[in-house]
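These notes are about the structure you will find just below.
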Amino acid sequence: MSPSPKRDLLPGTLDMLILKALSAQAMHGYGIAQHLQRLSQEVIRVEEGSLYPALQRMRQKGWIKAEWRQSPNNQRARYYTLTPQGRKHLGQEESGFAELVAAIARIMKPA
Amino acid sequence: MREWLARLRDWFRREQLDRELREELEFHRTRLERDAGDNAGAERGYAARRRLGNLTRIREEARERWSWPWLDTLQQDVRYALRGLRRSPGFTATVVLTLGLGIGANAAMFGVLDRLMLRPFPYLLDAARVHRVFLRYRDRDRDRLESAMEYTRYLDFQRWAAGFDRWAGFSQGTTAVGTGAAARERQVGRVSGTFFGFFDARPALGRFFGPAEDVPPVGAPVVVLSYAFWQSEYGGRDVVGQPLQVGSISTTIIGVAPRGFIGLGDPVPPDVYLPITTYAGHEGGPDDRKTYYTQYHWGWMGILARRNPGTSIAAANAGLSAAYRKSWESERAQDPEITPAELARPAAVVGSVKSAAGPEASLEAKTLRWVMGVAVIVLLIACANVANLMLARVLRRRRETAVRLALGVSRGRLLRQAVTESLLLGLLGCGAGLLIAELGGGTLRRVFVDEAATIPVLTDWRTLGVAIGFALLAGLFTGLGSVLFVASEDLAGSLKSGAREGTYHRSRARSGLLVIQGALSVVLLVGAGLFVRSLNHVRRLRLGYEAEPVLLVMQSMRGTQLSDTQRVALGRRLLETGRALPGVEHASLVSSIPFWSTSGTDLYVAGIDSVRRLGRFTYQTATTDYFATIGTRILRGRGFSEADRAGAPRVAVISEAMGTVLWPGRDPLGQCMRVGSDTVPCTTVVGIAENAAQRSLVETQPFRYYLPLEQFRPTRGWALLLRLRADPAGQAEPVRRSLQREMPGQSYVTAIPLDDVLAQQRRSWQAGATMFVAFGALALVVAAVGLYGVIGYNVAQRTHELGVRIALGAQARDVVRLVVGQGIRFATAGVGLGLLLALVAAKWIQPLLFQQPARDPLTYGVVAGVLVAVALAASALPARRATRADPNAALRSD
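Chains as they are written, first to last, in this note's numbering: chain A, 1 to 111; chain B, 1 to 894.
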């Protein structure tokens, strides 16, 4: 049905991806989903069913803040921004992830 | 943790969050549709719509982040309970008030008990190893326990006792602090330079004094202020280096103790702290201030000691006792008349720093424990009553419960609701109780501790915690009945047969609760009766004088130096002025005050080797009018006359008991005794006075002699007794003002009714009587309300049956007999059980009573009568209602 096969996310990476997306600019939920989909060239599709619960969880953890703003085409939308705590958490996740990826890469391409 | 707080916060605004999420998803949907529409791909449009179908699920999952199901249920239960309680305000008010009285009594009592016995002193380090030293020895076949010691003894212990790493001496008393109009009687802590080392406290300002400033014979004139005194008198400004007059000592302020520091002054904290040797060297008696650190004449201070970490209490006691024996020998080396150690068997022990919890606990402290027990009983009665009321309510709501069960509400939910309701009532009662405790706290304080003590309830976490604990226990206990009922009863049956059956069920649990309430009330009332009678005995006790009409005036010299002649002249002037005041009948200058001070000196009587071996003989020196002033009766011979002046033949009046012990079988009148030394001329016994209590209300050795002040140490007449025609308490202030004019320099007088001094002695009995009566009355009221409630409920249940009876020809009298008879049966069962309990408890309460057998038939009888009478009254009202049961209504309703 989709042009390219849909891949499941590695567990735990969704939070990191959302934080990364928000680190550039404040976005609403739909924007985050679109952003991730576009950047991954449609490989990653974030299910709304996991996106919104994840946003609520991260808000309660204090990583992101939510506020209502006007979207460019003048609709009221809920925008999420990164908090300093969230930025710190993103840093930890990123370095951890880089190590993990490098380790996996070494195993997969032994030559 | 933070996350949980955020979740909790979200729970409180969950409705808003729900709304926001809905809007957010709505926005998501429109964007998705529009984007899909833009791309015009049919497949993708379909996919978008397919995903829309999941919106509800998304919402549910997101919502989980702020939904707390059990919190929702709890909130519902609380709302349900509150609604139920609002619907029956009478029931709620009764329960809250009943529990409030019970919890309030306990909170207030705990506040006092905690202060006196449990609460550790603020800042005290290693409290478990810090002890007060107590001495035990035998004196004339009686075991004695002593905590007031000599400074010399304190030095001995430090030198000789093994097993301790820190020592401190302390005492506390009131002294005038400040000068001129600002001078007030203040609590002065006299503490050694090592004292502050026992605490982990840093001065709020300046510094504490140390051992270098606390050295005999006279320590440095420095003073440390308490934080509260600093705030109230100086407004917290920098006071270091400023002068402060403390008694006769011109001191310099060197520091301020931190907030909350009270030393060992609980419940009355010191206002200022003075080095103990500074106090002793300046303010001790004329001889004492020179010899207090070398001799054993002045026992006035407490010793604080800290055990080495590795030393057990037994080893510490052994070390102390060895040191005490050595010290005893050293005292005997100074004074061979002291009983040899083999007979006196001196031993020293460590005890609690809290005097009420230590081995020397006063009768008040023991009474206090009992009263705390009584407060718990009051709470139990209150709980029984509330449990009864709640059970009645559950029975009344049987139908409602059955319907709810039938409609599918789980039993678990019903149970939870029942518990919620009773806990809620408990907490409401707790609120009421804390208010009651805060308001009633003043009374307790007057009864048990010093006026100056502050015992807050609402701001004290320990008391609050205990009150809430009591409330939760009470809530669980009172809810238990209802819970068991819901869990066990076959409610479907009641739905089938209807709430009103032809007969009424007697609830065994409710009857049992009622009987227990009655029994406990009986126990308390018996206690109240015993304490009241005991207090009456104390009041009526012939002390050997009459304190009621007497006003006591004391001089404080505050360092104003007077020569002996000036001193005697001042005394004369006060005496003359006092006698001339309106309303004064008699006046006398004296050297000692009952229960405050006694004096003794060596006595020599021909034919007796050592008078001291026969007991403790104390003297009072007084001016002519003494016996008329204080009301001590002269049994034979004469009192003093104007002729007994300095230079005239020496005379004495002795107590009856003293005559018997010194001259057994002979007439003491005309006998010769030598006072102070065996070379002075004879003092002739000219009168026999009745025995008078001097050191305790029941004096075992009232050996006392009276000497004319002019003939023996005329400078020692420091107190003035005035016998007034009426109202000594009201006259105290005018009398003080008149006499103050005679006082030179900084010196001043204070005036208090002599009866106040005695009131201190009666305190424990007074406390017992007051508290037992208060709690007994409370218990009686609660029990009466309970009985009234139960009988009233039964009557309501039996309306149908009673109506049938009346229809069949029963007279009003028969109906009344039926209802009242039930009340009386409850009462009799309660009385029987209660009297039995009282009989059992009698042997423990006996030591607290004064010449009053704890198994007193009169008290028991009166209490039984009172309870039955109250039961009669409580069932009379429902009985009247019963006679008005309408036979018509009864017969037609089916």
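Note that beta-carbon positions come from the ideal geometry of N, C-alpha and C, so glycine has one too.
Candidates the options: closest to residue i by CA position
i: leucine 124 (chain B); options: B:Gly235, B:Arg142, B:Leu304 and B:Arg83; result: B:Leu304
i: glycine 358 (chain B); options: B:Leu118, B:Gln187, B:Gly475 and B:Val866; result: B:Leu118
i: isoleucine 381 (chain B); options: B:Arg22, B:Leu225 and B:Leu520; result: B:Leu520
i: glycine 786 (chain B); options: B:Leu867, B:Phe712 and B:Arg307; result: B:Leu867
i: isoleucine 791 (chain B); options: B:Ala864, B:Arg716 and B:Ala871; result: B:Ala871
i: alanine 726 (chain B); options: B:Asp139, B:His586, B:Thr770 and B:Gly102; result: B:His586
i: isoleucine 276 (chain B); options: B:Tyr292, B:Ala547 and B:Gln711; result: B:Tyr292
i: leucine 877 (chain B); options: B:Gln760, B:Pro649, B:Pro346 and B:Ala796; result: B:Ala796
i: leucine 589 (chain B); options: B:Leu707, B:Phe199, B:Gly429 and B:Ala657; result: B:Leu707
i: arginine 736 (chain B); options: B:Thr750, B:Glu742, B:Ala729 and B:Met743; result: B:Thr750
CB contact check: residue i to chain A, cutoff 9 Å
i: arginine 13 (chain B); result: no
i: alanine 6 (chain B); result: yes
i: alanine 499 (chain B); result: Note on alanine 499 (chain B): pLDDT 46, under 50, position unreliable in the model; the coordinate value appears next. No, because no Cβ of chain A sits closer than 9 Å to the Cβ of alanine 499 (chain B).
i: histidine 28 (chain B); result: yes
i: glutamate 233 (chain B); result: no
i: arginine 22 (chain B); result: no
i: arginine 19 (chain B); result: no
i: isoleucine 254 (chain B); result: no
i: threonine 503 (chain B); result: Residue placement at threonine 503 (chain B) is poorly supported in this model, since its pLDDT is 45, which falls under 50; the coordinates are not used for a value here.
i: isoleucine 58 (chain B); result: yes
i: glutamate 61 (chain B); result: yes
Minimum Cβ-Cβ distance from residue i to chain B less than 9 Å
i: leucine 96 (chain A); result: It should be noted that the sequence gives glycine, not leucine, for residue 96 (chain A). No, glycine 96 (chain A) lies away from the interface with chain B (no Cβ there is under 9 Å from its Cβ).
i: proline 53 (chain A); result: yes
i: histidine 35 (chain A); result: no
i: arginine 87 (chain A); result: no
i: lysine 61 (chain A); result: yes
i: alanine 77 (chain A); result: yes
i: arginine 69 (chain A); result: no
i: glutamine 25 (chain A); result: no
i: glutamate 48 (chain A); result: yes
i: arginine 57 (chain A); result: yes
i: glycine 12 (chain A); result: no
i: glycine 91 (chain A); result: no
i: serine 4 (chain A); result: Bear in mind that the predicted position of serine 4 (chain A) carries a pLDDT of just 46, short of 50, making it too unreliable to give a figure here.
One or two residues paired with residue i in a DSSP bridge
i: arginine 674 (chain B); result: B:Tyr604
i: valine 349 (chain B); result: B:Phe134
i: leucine 858 (chain B); result: None, per the DSSP bridge assignment.
i: proline 359 (chain B); result: DSSP, once it has assigned bridges, lists no residue as partnering proline 359 (chain B).
Boundaries (first-last residue) of the beta strand (DSSP E) holding residue i
i: serine 327 (chain B); result: No beta strand (DSSP E) contains serine 327 (chain B), which is instead part of the alpha helix (DSSP H) from 313-334.
i: phenylalanine 172 (chain B); result: As written in the sequence, residue 172 (chain B) is glutamine, which differs from the phenylalanine given in the question. Unbroken beta strand (DSSP E) run through glutamine 172 (chain B): 164-177.
i: histidine 895 (chain B); result: Outside the modelled stretch of chain B, which goes from 1 to 894, sits residue 895 (chain B), for which no answer is possible.
i: valine 680 (chain B); result: It is not in any beta strand (DSSP E) - valine 680 (chain B) carries neither H nor E in the DSSP assignment.
i: tyrosine 80 (chain A); result: 76-82
i: isoleucine 654 (chain B); result: 651-655
i: arginine 207 (chain B); result: Premise fails: arginine 207 (chain B) is in no beta strand (DSSP E) and is neither H nor E.
i: glutamine 187 (chain B); result: 184-191
Where the alpha helix (DSSP H) containing residue i begins and where it ends
i: lysine 290 (chain B); result: 288-291
i: valine 409 (chain B); result: Run containing valine 409 (chain B): none; DSSP gives neither H nor E here.
i: lysine 843 (chain B); result: 812-845
i: threonine 251 (chain B); result: It is not in any alpha helix (DSSP H) - threonine 251 (chain B) instead sits in the beta strand (DSSP E) that spans 249-256.
i: aspartate 214 (chain B); result: Aspartate 214 (chain B) -> no alpha helix (DSSP H), and no H or E assigned at all.
i: glutamate 895 (chain B); result: Outside the shown range of chain B, which is 1 to 894, sits residue 895 (chain B), and nothing can be said about it.
i: valine 95 (chain B); result: 89-113
i: alanine 783 (chain B); result: 754-797
i: arginine 542 (chain B); result: Here arginine 542 (chain B) belongs to no alpha helix (DSSP H), and DSSP marks it neither H nor E.
i: proline 53 (chain A); result: 48-61
Anticipated Cβ contact below 8 Å, residue i with residue j, distance rounded
i: glutamine 694 (chain B); j: proline 594 (chain B); result: 6 Å
i: threonine 828 (chain B); j: arginine 704 (chain B); result: At roughly 53 Å, the Cβ-Cβ gap does not stay under 8 Å, so threonine 828 (chain B) and arginine 704 (chain B) are not in contact.
i: serine 534 (chain B); j: phenylalanine 850 (chain B); result: 5 Å
i: serine 747 (chain B); j: methionine 557 (chain B); result: 5 Å
i: leucine 389 (chain B); j: valine 95 (chain B); result: 6 Å
i: alanine 62 (chain B); j: leucine 21 (chain B); result: 6 Å
Any non-hydrogen atom of the ligand NAD closer than 8 Å to residue i Cβ
i: phenylalanine 627 (chain B); result: Absent from the structure shown: the ligand NAD. Ligands present: none.
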